[in-house]
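Asker: Once you've had a glance at the structure underneath, I'll fire off some questions.
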Amino acid sequence: MLRRGVRRCTPALDVYIGLPAGDPEEPNVGRSLPRVGWVVPKYGERAVARNRLKRRLREIARRRVLVGLRAAGSDAEVVVRVRRAAYSATYRELEAQWTGAIAPASQRVISCSL
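Residue numbers (our numbering): 161 to 274.
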């Protein structure tokens, strides 16, 4: 999925957007709902901070990301990898960055660097 998709980076998140593999002759077979997952590295943070960040991401996915993807009729798979800056970001900053990264004409996307 990550090799065929698009990678967009924000200051706090790396967002990978891809479509699930399907049969090109029968494009509607096996279609599913959009899916979201995340990778939250420790970066030396305690479990409390990691769990808070995961709860925030889960809520953003539930309220904004999945609703938008379903409304668009997309069955995309989205993987979010958290950067170190996400631990100090507010809920609204995370929400703006994630929804901006999945928008087709996002202006908030910066160049990705590892």
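All C-beta atoms in this analysis are idealised placements derived from N, C-alpha and C, irrespective of residue type, glycine included.
For the pair the segment 204-217 and the segment 162-172, tell me if three or more CB-CB distances fall below 8 Å.
Answerer: At 8 Å Cβ cutoff, the stretches do not touch.
Asker: What is the residue span of the alpha helix (DSSP H) that Glu-255 lies within?
Answerer: Start and end: 251-262.
Asker: So who's on the other strand from Asp-174, going by DSSP bridges?
Answerer: The partner list for Asp-174 (beta bridge, DSSP) reads Cys-169, Arg-241.
Asker: State whether the segment 238-258 contacts the segment 216-227, with contact taken as three or more CB pairs (one from each stretch) at a distance under 8 Å.
Answerer: With the cut-off at 8 Å, the segment 238-258 and the segment 216-227 touch.
Asker: Is DSSP giving Arg-164 helix, strand or coil here?
Answerer: The answer is coil: DSSP assigns Arg-164 none of H, G, I, E or B.
Asker: Report all residues from its chain with a CB closer than 6 Å to the CB of Val-238; omit the five preceding and five following residues, and keep chain order.
Answerer: Answer for Val-238: Ile-177, Val-196, listed in chain order.
Asker: Which of the three DSSP states, helix, strand or coil, is assigned to Arg-215?
Answerer: Correct three-state label for Arg-215: helix.
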